[in-house]
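Read the structure below first, then the notes.
Numbering (the working numbering), first residue to last: 169 to 640.
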(Lines of atoms letter the chains of each structure in order from A and count residues from 1; the text may use other names and numbers.)
(Lines give C-alpha, C1' and ligand atoms only; values in the text may rest on other atoms or scores of the structure.)
Protein backbone atom coordinates (compact mmCIF):
# COMPACT_ATOMS: atom_id res chain seq x y z
CA UNK A 1 0.00 0.00 0.00
CA UNK A 2 1.15 3.53 -0.77
CA UNK A 3 2.53 5.31 2.30
CA UNK A 4 -0.06 7.65 3.80
CA UNK A 5 0.91 11.00 5.26
CA UNK A 6 -1.64 10.91 8.05
CA UNK A 7 -0.79 14.36 9.36
CA UNK A 8 -1.31 15.89 5.92
CA UNK A 9 -4.61 14.06 5.50
CA UNK A 10 -5.82 15.43 8.84
CA UNK A 11 -4.68 18.96 7.97
CA UNK A 12 -6.69 18.81 4.74
CA UNK A 13 -9.82 18.09 6.77
CA UNK A 14 -9.18 20.54 9.63
CA UNK A 15 -12.04 22.94 8.91
CA UNK A 16 -14.55 20.14 8.43
CA UNK A 17 -13.45 18.45 11.64
CA UNK A 18 -13.82 21.62 13.69
CA UNK A 19 -17.23 22.37 12.14
CA UNK A 20 -18.48 18.87 13.00
CA UNK A 21 -17.07 19.15 16.51
CA UNK A 22 -18.80 22.50 17.03
CA UNK A 23 -22.11 20.92 16.01
CA UNK A 24 -21.72 18.48 18.91
CA UNK A 25 -20.38 21.01 21.41
CA UNK A 26 -23.41 23.26 20.90
CA UNK A 27 -25.63 20.55 22.37
CA UNK A 28 -26.05 20.60 26.14
CA UNK A 29 -25.82 16.86 26.74
CA UNK A 30 -25.82 16.88 30.53
CA UNK A 31 -27.82 14.08 32.12
CA UNK A 32 -31.17 15.42 33.35
CA UNK A 33 -33.09 12.95 35.50
CA UNK A 34 -36.03 15.36 35.78
CA UNK A 35 -36.70 14.93 32.06
CA UNK A 36 -36.25 11.19 31.74
CA UNK A 37 -38.81 9.44 29.54
CA UNK A 38 -38.86 6.06 27.78
CA UNK A 39 -37.55 7.90 24.70
CA UNK A 40 -34.95 9.93 26.63
CA UNK A 41 -33.44 7.51 29.20
CA UNK A 42 -30.95 10.10 30.54
CA UNK A 43 -32.79 13.25 29.50
CA UNK A 44 -33.13 14.94 26.09
CA UNK A 45 -29.59 16.36 25.88
CA UNK A 46 -27.62 13.10 25.61
CA UNK A 47 -30.13 11.81 23.05
CA UNK A 48 -29.76 14.96 20.92
CA UNK A 49 -25.98 14.61 20.92
CA UNK A 50 -26.16 10.92 20.04
CA UNK A 51 -28.54 11.64 17.17
CA UNK A 52 -26.27 14.38 15.87
CA UNK A 53 -23.22 12.10 15.97
CA UNK A 54 -25.06 9.31 14.16
CA UNK A 55 -26.30 11.81 11.57
CA UNK A 56 -22.68 12.74 10.81
CA UNK A 57 -21.92 9.05 10.26
CA UNK A 58 -24.96 8.68 7.98
CA UNK A 59 -23.81 11.70 5.97
CA UNK A 60 -20.45 10.02 5.48
CA UNK A 61 -22.00 6.82 4.14
CA UNK A 62 -22.21 4.56 7.19
CA UNK A 63 -25.26 2.56 8.19
CA UNK A 64 -26.00 3.46 11.80
CA UNK A 65 -27.77 1.71 14.65
CA UNK A 66 -29.45 3.55 17.52
CA UNK A 67 -30.21 1.23 20.44
CA UNK A 68 -33.26 2.93 21.98
CA UNK A 69 -31.38 6.21 22.54
CA UNK A 70 -29.06 4.59 25.08
CA UNK A 71 -26.14 4.20 22.70
CA UNK A 72 -25.48 3.84 19.00
CA UNK A 73 -22.89 2.60 16.56
CA UNK A 74 -21.78 2.33 12.98
CA UNK A 75 -19.51 -0.29 11.47
CA UNK A 76 -16.73 0.01 8.90
CA UNK A 77 -15.95 -3.24 7.10
CA UNK A 78 -19.41 -4.74 6.71
CA UNK A 79 -18.14 -6.42 3.53
CA UNK A 80 -15.64 -8.52 5.51
CA UNK A 81 -16.42 -12.14 6.47
CA UNK A 82 -18.71 -12.65 9.45
CA UNK A 83 -15.89 -14.26 11.43
CA UNK A 84 -13.51 -11.32 10.93
CA UNK A 85 -12.14 -9.87 14.16
CA UNK A 86 -13.76 -6.65 15.32
CA UNK A 87 -12.15 -3.60 16.91
CA UNK A 88 -14.37 -1.53 19.18
CA UNK A 89 -13.92 2.21 19.57
CA UNK A 90 -15.85 3.54 22.55
CA UNK A 91 -16.75 7.22 22.93
CA UNK A 92 -19.44 9.11 24.81
CA UNK A 93 -21.71 12.04 24.04
CA UNK A 94 -22.77 12.96 27.58
CA UNK A 95 -20.94 15.60 29.61
CA UNK A 96 -20.73 16.56 33.26
CA UNK A 97 -22.70 19.67 34.32
CA UNK A 98 -21.08 22.90 33.24
CA UNK A 99 -21.23 24.45 36.72
CA UNK A 100 -20.09 28.03 37.31
CA UNK A 101 -16.95 30.06 36.68
CA UNK A 102 -16.95 30.07 32.89
CA UNK A 103 -15.57 33.01 30.93
CA UNK A 104 -17.78 32.10 27.97
CA UNK A 105 -21.00 30.17 27.38
CA UNK A 106 -20.05 26.49 27.86
CA UNK A 107 -22.41 25.51 25.04
CA UNK A 108 -21.36 28.21 22.59
CA UNK A 109 -17.98 26.82 21.51
CA UNK A 110 -15.34 29.32 20.53
CA UNK A 111 -11.66 29.33 19.66
CA UNK A 112 -9.41 31.58 21.73
CA UNK A 113 -5.63 31.52 21.51
CA UNK A 114 -5.72 28.32 19.51
CA UNK A 115 -7.93 26.47 22.01
CA UNK A 116 -11.53 25.29 21.60
CA UNK A 117 -13.50 26.22 24.73
CA UNK A 118 -16.73 24.37 25.56
CA UNK A 119 -18.05 21.73 27.90
CA UNK A 120 -17.08 18.44 26.31
CA UNK A 121 -14.20 19.88 24.29
CA UNK A 122 -11.72 17.52 25.95
CA UNK A 123 -14.16 15.05 27.57
CA UNK A 124 -15.15 13.52 25.26
CA UNK A 125 -16.55 15.18 22.13
CA UNK A 126 -13.22 16.60 20.96
CA UNK A 127 -11.30 13.31 21.18
CA UNK A 128 -14.32 11.49 19.71
CA UNK A 129 -14.26 13.72 16.64
CA UNK A 130 -10.47 13.37 16.31
CA UNK A 131 -10.87 9.59 16.30
CA UNK A 132 -13.88 9.74 13.98
CA UNK A 133 -11.85 11.67 11.44
CA UNK A 134 -8.98 9.21 11.82
CA UNK A 135 -11.34 6.47 10.61
CA UNK A 136 -12.89 8.82 8.03
CA UNK A 137 -9.47 9.21 6.39
CA UNK A 138 -9.13 5.43 5.98
CA UNK A 139 -12.63 5.22 4.54
CA UNK A 140 -12.16 8.06 2.08
CA UNK A 141 -8.82 6.64 0.93
CA UNK A 142 -10.46 3.22 0.59
CA UNK A 143 -7.71 1.56 2.64
CA UNK A 144 -8.17 -2.24 2.74
CA UNK A 145 -8.53 -3.70 6.24
CA UNK A 146 -8.91 -7.25 7.57
CA UNK A 147 -10.75 -6.36 10.77
CA UNK A 148 -14.09 -4.65 11.23
CA UNK A 149 -14.31 -1.36 13.13
CA UNK A 150 -17.35 -0.73 15.31
CA UNK A 151 -17.51 2.86 16.52
CA UNK A 152 -19.79 3.02 19.57
CA UNK A 153 -21.08 6.21 21.23
CA UNK A 154 -22.68 6.13 24.66
CA UNK A 155 -24.79 8.63 26.59
CA UNK A 156 -24.19 7.87 30.28
CA UNK A 157 -20.44 7.50 30.76
CA UNK A 158 -20.27 10.34 33.28
CA UNK A 159 -22.84 8.76 35.57
CA UNK A 160 -23.73 5.09 35.97
CA UNK A 161 -22.80 3.54 32.59
CA UNK A 162 -26.43 2.48 32.19
CA UNK A 163 -25.99 3.16 28.48
CA UNK A 164 -23.46 0.39 27.97
CA UNK A 165 -25.32 -2.06 30.19
CA UNK A 166 -28.38 -1.58 28.01
CA UNK A 167 -26.45 -1.50 24.75
CA UNK A 168 -24.71 -4.84 25.18
CA UNK A 169 -27.91 -6.45 26.43
CA UNK A 170 -30.04 -5.28 23.50
CA UNK A 171 -27.75 -4.66 20.49
CA UNK A 172 -27.79 -8.31 19.44
CA UNK A 173 -24.08 -8.43 18.64
CA UNK A 174 -21.14 -10.04 20.43
CA UNK A 175 -18.61 -7.78 22.13
CA UNK A 176 -15.74 -6.57 19.96
CA UNK A 177 -12.59 -8.67 20.27
CA UNK A 178 -10.41 -5.74 21.34
CA UNK A 179 -10.56 -1.99 21.36
CA UNK A 180 -9.87 1.38 22.87
CA UNK A 181 -11.54 4.54 24.10
CA UNK A 182 -10.30 8.00 23.04
CA UNK A 183 -11.15 9.40 26.45
CA UNK A 184 -7.97 9.86 28.47
CA UNK A 185 -4.36 10.54 27.53
CA UNK A 186 -1.36 9.35 25.57
CA UNK A 187 0.80 7.34 25.46
CA UNK A 188 -1.78 4.81 26.73
CA UNK A 189 -3.92 3.87 29.70
CA UNK A 190 -3.70 0.10 30.06
CA UNK A 191 -4.77 -0.03 33.69
CA UNK A 192 -7.65 1.53 35.59
CA UNK A 193 -8.38 1.38 39.29
CA UNK A 194 -11.63 0.08 40.67
CA UNK A 195 -14.42 2.61 41.06
CA UNK A 196 -17.23 2.62 43.61
CA UNK A 197 -19.37 5.29 45.26
CA UNK A 198 -20.48 4.68 48.82
CA UNK A 199 -22.95 6.86 50.70
CA UNK A 200 -22.71 7.69 54.37
CA UNK A 201 -26.09 8.52 55.90
CA UNK A 202 -26.92 10.89 58.78
CA UNK A 203 -29.95 12.00 60.72
CA UNK A 204 -31.05 15.64 60.49
CA UNK A 205 -30.46 16.35 64.15
CA UNK A 206 -27.93 19.06 65.04
CA UNK A 207 -27.33 21.21 68.09
CA UNK A 208 -25.12 24.11 69.02
CA UNK A 209 -25.07 27.89 69.01
CA UNK A 210 -25.55 27.87 65.24
CA UNK A 211 -28.31 25.73 63.77
CA UNK A 212 -27.92 24.06 60.36
CA UNK A 213 -31.19 23.98 58.42
CA UNK A 214 -29.86 22.66 55.10
CA UNK A 215 -26.66 21.98 53.20
CA UNK A 216 -26.27 21.26 49.48
CA UNK A 217 -23.00 20.77 47.62
CA UNK A 218 -21.71 19.07 44.48
CA UNK A 219 -23.14 18.29 41.05
CA UNK A 220 -21.80 14.80 40.38
CA UNK A 221 -20.06 12.11 42.38
CA UNK A 222 -17.10 12.19 39.99
CA UNK A 223 -16.57 15.96 40.29
CA UNK A 224 -14.93 17.91 43.12
CA UNK A 225 -17.69 20.26 44.39
CA UNK A 226 -16.92 23.76 43.18
CA UNK A 227 -19.34 25.24 45.70
CA UNK A 228 -21.76 24.45 48.51
CA UNK A 229 -24.63 26.32 50.12
CA UNK A 230 -25.93 26.14 53.70
CA UNK A 231 -28.88 27.77 55.42
CA UNK A 232 -28.13 28.53 59.08
CA UNK A 233 -29.44 30.59 61.98
CA UNK A 234 -27.76 32.06 65.04
CA UNK A 235 -25.85 35.25 65.73
CA UNK A 236 -25.86 36.49 62.14
CA UNK A 237 -23.55 39.48 62.66
CA UNK A 238 -20.98 37.36 64.44
CA UNK A 239 -21.14 34.71 61.73
CA UNK A 240 -20.66 37.21 58.92
CA UNK A 241 -17.72 38.78 60.73
CA UNK A 242 -15.92 35.43 60.62
CA UNK A 243 -16.04 35.03 56.82
CA UNK A 244 -12.95 37.12 56.14
CA UNK A 245 -10.93 35.47 58.89
CA UNK A 246 -11.73 32.01 57.55
CA UNK A 247 -10.82 32.98 53.99
CA UNK A 248 -7.58 34.55 55.22
CA UNK A 249 -6.63 31.32 57.01
CA UNK A 250 -6.87 29.50 53.69
CA UNK A 251 -5.59 32.20 51.36
CA UNK A 252 -3.84 29.63 49.20
CA UNK A 253 -7.22 28.05 48.37
CA UNK A 254 -8.76 31.25 46.96
CA UNK A 255 -12.05 30.68 48.75
CA UNK A 256 -14.96 33.04 48.20
CA UNK A 257 -18.01 33.55 50.41
CA UNK A 258 -21.46 34.82 49.45
CA UNK A 259 -24.24 35.38 51.99
CA UNK A 260 -27.85 36.51 52.03
CA UNK A 261 -29.96 37.27 55.09
CA UNK A 262 -33.69 36.54 55.32
CA UNK A 263 -36.42 38.20 57.38
CA UNK A 264 -36.85 35.06 59.47
CA UNK A 265 -33.32 35.41 60.85
CA UNK A 266 -31.82 32.73 58.66
CA UNK A 267 -28.64 33.23 56.68
CA UNK A 268 -27.84 31.55 53.37
CA UNK A 269 -24.11 31.04 52.95
CA UNK A 270 -22.36 29.87 49.78
CA UNK A 271 -18.68 29.05 49.61
CA UNK A 272 -16.81 28.66 46.32
CA UNK A 273 -13.73 26.51 45.84
CA UNK A 274 -12.56 24.97 42.55
CA UNK A 275 -13.86 21.97 40.67
CA UNK A 276 -11.78 19.12 39.24
CA UNK A 277 -12.18 15.57 38.02
CA UNK A 278 -13.16 13.24 40.86
CA UNK A 279 -10.32 10.87 39.92
CA UNK A 280 -7.84 13.61 40.84
CA UNK A 281 -9.46 15.38 43.80
CA UNK A 282 -6.17 16.94 44.84
CA UNK A 283 -6.39 19.22 41.79
CA UNK A 284 -9.52 20.92 43.10
CA UNK A 285 -10.65 22.77 46.21
CA UNK A 286 -13.68 21.04 47.69
CA UNK A 287 -16.05 23.91 48.47
CA UNK A 288 -18.37 21.59 50.42
CA UNK A 289 -15.78 20.33 52.89
CA UNK A 290 -14.46 23.85 53.49
CA UNK A 291 -17.96 25.15 54.12
CA UNK A 292 -18.55 22.27 56.54
CA UNK A 293 -15.31 23.16 58.33
CA UNK A 294 -16.45 26.78 58.63
CA UNK A 295 -19.80 25.70 60.07
CA UNK A 296 -18.07 23.35 62.48
CA UNK A 297 -15.86 26.20 63.69
CA UNK A 298 -18.68 28.72 64.22
CA UNK A 299 -20.83 26.46 66.37
CA UNK A 300 -22.79 23.90 64.35
CA UNK A 301 -22.74 20.58 66.20
CA UNK A 302 -23.55 17.73 63.82
CA UNK A 303 -21.89 14.47 62.74
CA UNK A 304 -22.55 15.64 59.16
CA UNK A 305 -20.42 18.78 59.42
CA UNK A 306 -17.90 17.16 61.74
CA UNK A 307 -17.08 14.34 59.34
CA UNK A 308 -17.22 16.61 56.28
CA UNK A 309 -15.20 19.43 57.83
CA UNK A 310 -12.73 17.50 59.96
CA UNK A 311 -12.30 14.08 58.34
CA UNK A 312 -13.05 14.45 54.63
CA UNK A 313 -11.41 17.81 54.07
CA UNK A 314 -8.20 17.43 52.03
CA UNK A 315 -8.29 13.68 52.71
CA UNK A 316 -7.71 12.69 49.08
CA UNK A 317 -6.02 9.39 49.97
CA UNK A 318 -8.51 8.40 52.68
CA UNK A 319 -5.91 8.50 55.45
CA UNK A 320 -8.05 10.30 58.04
CA UNK A 321 -11.02 8.26 56.89
CA UNK A 322 -9.09 5.06 57.57
CA UNK A 323 -9.21 3.49 54.10
CA UNK A 324 -5.79 4.49 52.71
CA UNK A 325 -4.18 1.72 50.67
CA UNK A 326 -1.46 1.52 48.02
CA UNK A 327 -0.46 -1.18 45.54
CA UNK A 328 3.01 -1.28 44.01
CA UNK A 329 1.70 -1.46 40.42
CA UNK A 330 -1.64 0.37 40.54
CA UNK A 331 -0.74 3.03 43.07
CA UNK A 332 -2.80 4.55 45.87
CA UNK A 333 -6.49 4.70 46.58
CA UNK A 334 -8.11 8.10 46.10
CA UNK A 335 -11.32 9.50 47.53
CA UNK A 336 -13.57 12.31 46.33
CA UNK A 337 -16.38 13.64 48.52
CA UNK A 338 -18.64 14.53 45.63
CA UNK A 339 -22.26 15.26 46.60
CA UNK A 340 -23.62 16.56 49.93
CA UNK A 341 -27.31 16.68 50.90
CA UNK A 342 -28.63 17.67 54.32
CA UNK A 343 -31.91 18.93 55.79
CA UNK A 344 -32.88 19.17 59.44
CA UNK A 345 -36.36 18.11 58.33
CA UNK A 346 -35.18 14.75 57.04
CA UNK A 347 -33.80 11.67 58.73
CA UNK A 348 -31.81 10.51 55.71
CA UNK A 349 -28.99 12.89 54.75
CA UNK A 350 -26.02 11.79 52.70
CA UNK A 351 -22.47 12.41 51.60
CA UNK A 352 -21.41 10.52 48.45
CA UNK A 353 -17.82 9.31 48.55
CA UNK A 354 -16.33 8.18 45.24
CA UNK A 355 -13.36 5.82 45.61
CA UNK A 356 -10.81 4.87 42.95
CA UNK A 357 -9.03 1.85 44.42
CA UNK A 358 -6.17 -0.44 43.34
CA UNK A 359 -5.97 -4.21 43.49
CA UNK A 360 -5.56 -5.47 47.04
CA UNK A 361 -8.57 -3.68 48.51
CA UNK A 362 -12.24 -3.85 47.58
CA UNK A 363 -15.53 -2.06 48.09
CA UNK A 364 -16.52 -4.29 51.01
CA UNK A 365 -13.42 -3.38 53.03
CA UNK A 366 -14.17 0.29 52.41
CA UNK A 367 -17.79 -0.27 53.41
CA UNK A 368 -16.78 -1.83 56.74
CA UNK A 369 -14.58 1.16 57.63
CA UNK A 370 -17.30 3.68 56.76
CA UNK A 371 -19.84 1.75 58.81
CA UNK A 372 -17.66 2.15 61.90
CA UNK A 373 -17.52 5.97 61.74
CA UNK A 374 -19.02 7.69 64.76
CA UNK A 375 -22.24 9.51 63.93
CA UNK A 376 -22.92 7.63 60.70
CA UNK A 377 -26.38 6.04 60.72
CA UNK A 378 -25.77 3.65 57.82
CA UNK A 379 -23.80 3.10 54.63
CA UNK A 380 -25.01 2.14 51.15
CA UNK A 381 -23.29 1.52 47.82
CA UNK A 382 -24.02 2.67 44.29
CA UNK A 383 -25.67 0.13 42.03
CA UNK A 384 -22.78 0.30 39.57
CA UNK A 385 -19.12 -0.24 40.32
CA UNK A 386 -15.99 -1.43 38.56
CA UNK A 387 -13.19 -3.67 39.75
CA UNK A 388 -9.55 -2.91 38.83
CA UNK A 389 -8.71 -3.47 35.14
CA UNK A 390 -5.33 -4.19 33.53
CA UNK A 391 -4.09 -5.16 30.05
CA UNK A 392 -0.44 -6.36 30.03
CA UNK A 393 2.21 -4.43 28.13
CA UNK A 394 3.00 -7.49 26.01
CA UNK A 395 -0.54 -7.65 24.60
CA UNK A 396 -0.37 -6.88 20.83
CA UNK A 397 -3.04 -4.21 21.30
CA UNK A 398 -0.84 -2.27 23.71
CA UNK A 399 2.31 -2.87 21.71
CA UNK A 400 0.71 -1.62 18.49
CA UNK A 401 -0.77 1.53 19.98
CA UNK A 402 2.46 2.46 21.71
CA UNK A 403 4.42 1.83 18.51
CA UNK A 404 2.22 4.28 16.57
CA UNK A 405 2.45 6.86 19.35
CA UNK A 406 6.25 6.61 19.39
CA UNK A 407 6.50 6.81 15.61
CA UNK A 408 4.39 9.96 15.34
CA UNK A 409 5.65 11.81 18.40
CA UNK A 410 9.24 10.68 18.76
CA UNK A 411 8.51 10.11 22.46
CA UNK A 412 9.01 6.88 24.38
CA UNK A 413 5.78 5.08 25.21
CA UNK A 414 5.08 3.62 28.61
CA UNK A 415 2.21 2.11 30.51
CA UNK A 416 -0.06 4.18 32.72
CA UNK A 417 -2.59 3.23 35.37
CA UNK A 418 -5.16 5.83 36.37
CA UNK A 419 -7.94 6.40 38.85
CA UNK A 420 -10.28 7.61 36.12
CA UNK A 421 -12.66 5.16 34.54
CA UNK A 422 -13.10 4.91 30.77
CA UNK A 423 -15.09 2.74 28.40
CA UNK A 424 -11.78 1.07 27.56
CA UNK A 425 -12.38 -1.24 30.49
CA UNK A 426 -15.58 -2.58 28.91
CA UNK A 427 -13.51 -5.16 27.04
CA UNK A 428 -11.03 -7.62 28.55
CA UNK A 429 -8.59 -6.42 25.86
CA UNK A 430 -9.57 -2.79 26.07
CA UNK A 431 -7.53 0.33 26.88
CA UNK A 432 -7.82 4.12 26.77
CA UNK A 433 -5.71 5.91 24.16
CA UNK A 434 -5.41 9.71 24.05
CA UNK A 435 -6.29 12.39 23.34
CA UNK A 436 -4.29 14.43 25.89
CA UNK A 437 -0.52 14.48 25.43
CA UNK A 438 2.09 14.47 28.22
CA UNK A 439 2.38 17.97 29.65
CA UNK A 440 -1.05 19.12 28.43
CA UNK A 441 -3.23 21.07 30.86
CA UNK A 442 -6.09 18.85 32.04
CA UNK A 443 -9.38 20.79 32.18
CA UNK A 444 -11.78 17.84 32.21
CA UNK A 445 -14.74 18.40 34.54
CA UNK A 446 -13.58 21.97 35.18
CA UNK A 447 -14.85 25.41 34.23
CA UNK A 448 -13.39 26.75 30.96
CA UNK A 449 -12.73 23.27 29.63
CA UNK A 450 -10.73 23.34 26.39
CA UNK A 451 -8.77 21.33 23.87
CA UNK A 452 -6.02 22.96 21.78
CA UNK A 453 -6.67 22.73 18.04
CA UNK A 454 -3.18 21.36 17.44
CA UNK A 455 -3.82 18.58 19.97
CA UNK A 456 -7.01 17.68 18.13
CA UNK A 457 -5.12 17.42 14.84
CA UNK A 458 -2.12 15.53 16.25
CA UNK A 459 -4.41 13.05 17.97
CA UNK A 460 -6.46 12.48 14.84
CA UNK A 461 -3.35 11.53 12.85
CA UNK A 462 -2.34 9.08 15.57
CA UNK A 463 -5.83 7.57 15.63
CA UNK A 464 -5.83 7.15 11.85
CA UNK A 465 -2.55 5.25 11.83
CA UNK A 466 -3.43 3.29 14.99
CA UNK A 467 -6.70 2.03 13.51
CA UNK A 468 -4.86 1.09 10.32
CA UNK A 469 -2.12 -0.81 12.15
CA UNK A 470 -4.64 -2.65 14.32
CA UNK A 471 -6.91 -3.59 11.43
CA UNK A 472 -4.65 -3.99 8.38
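In this text, a Cβ means the ideal position worked out from N, Cα and C, and glycines have one as well.
Residues of the same chain with a CB within less than 6 Å of the CB of residue 348, apart from the 5 flanking positions on each side, are 592, 599 and 601 in chain order. Secondary structure note for residue 471: its alpha helix (DSSP H) is the uninterrupted segment 471-474.
As the crow flies, the alpha-carbon of residue 274 is around 44 Å from that of residue 251. Assigned with DSSP and collapsed to three states, residue 416 falls in helix. Contact between the segment 369-384 and the segment 395-405 is present, with at least three C-beta pairs closer than 8 Å. With 16 or more other CB atoms across the displayed protein chains lying within 10 angstroms of its CB, residue 324 is buried. The beta carbons of residue 466 and residue 543 sit no closer together than 9 Å.
DSSP places residue 524 in no alpha helix (DSSP H) but in the uninterrupted beta strand (DSSP E) bounded by 517-525. For residue 240, there is no enclosing alpha helix (DSSP H); the residue is found in the beta strand (DSSP E) stretching over 239-244. For residue 332, there is no enclosing beta strand (DSSP E); the enclosing alpha helix (DSSP H) has its first and last residue at 330-338.
Setting aside the 5 residues that flank it on each side, residue 304 is surrounded in the same chain by 181 and 228, each with a C-beta closer than 8 Å to its C-beta; the list follows chain order. In this structure, DSSP gives residue 357 an extended state, which the three-state scheme calls strand. In this structure, the alpha-carbon of residue 352 lies about 35 Å from that of residue 415. Excluding the 5 residues flanking it on each side, residue 188 has same chain C-beta neighbours closer than 7 Å at 224 and 297, in chain order. Per DSSP, the unbroken alpha helix (DSSP H) holding residue 626 starts and ends at 621-639.
Fewer than three Cβ pairs drawn from the segment 528-540 and the segment 334-343 lie within less than 8 Å of each other, which leaves the two stretches out of contact.
The C-beta of residue 280 has fewer than 16 other C-beta atoms within 10 Å across all chains shown, which makes the residue exposed. For residue 628, same chain residues with a beta-carbon under 6 Å away, outside a window of 5 residues either side, are 178, 298, 301 and 302 in chain order. Closest by C-alpha distance to residue 458, out of 508, 221 and 570, is 508. Excluding sequence positions up to five before and after residue 469, its CB lies within less than 7 Å of the CB of 374, 375 and 376, all in the same chain and listed in chain order. DSSP places residue 562 outside any alpha helix (DSSP H), giving it a letter other than H or E. Distance from the CA of residue 463 to the CA of residue 626, rounded to the nearest whole angstrom, comes to 48 Å. Annotated three-state conformation of residue 498 is coil, per DSSP.
Partner residues in the beta bridge of residue 258, as assigned by DSSP, are 320. Annotation for residue 231: 242, 243 and 246 place their beta carbon closer than 8 Å to its own, counting only its chain and skipping 5 residues before and after. Sorting 634, 596 and 588 by C-alpha distance to the C-alpha of residue 613 places 588 at the top. Taking a C-beta distance under 9 Å as the contact criterion, residue 393 and residue 492 do not qualify as a contact pair. By the Cβ neighbour-count rule, residue 283 is buried, with 16 or more other Cβ atoms within 10 Å of its own. The DSSP assignment places complete beta strand (DSSP E) segments of no fewer than 3 residues inside the segment 252-311 at 254-260, 278-280 and 283-285, in order along the chain.
The beta carbon of residue 369 sits closer than 8 Å to the beta carbons of 516, 517, 518, 544, 545, 546, 547 and 548 from its chain, once the five residues preceding and following it are set aside; these are given in chain order.
Take the alpha-carbon of residue 502 and the one of residue 552: they are about 18 Å apart.
Contact annotation: residue 633 and residue 576 have beta-carbon atoms nearer than 9 Å. Under the DSSP assignment, residue 457 falls in the alpha helix (DSSP H) whose first and last residues are 455-466. By the neighbour-count definition (other C-beta atoms within 10 Å, threshold 16), residue 316 is a buried residue.
Residue burial annotation: residue 461 is buried, with at least 16 other C-beta atoms found within 10 angstroms of its C-beta. Going by DSSP, residue 346 is part of the beta strand (DSSP E) stretching over 346-349.
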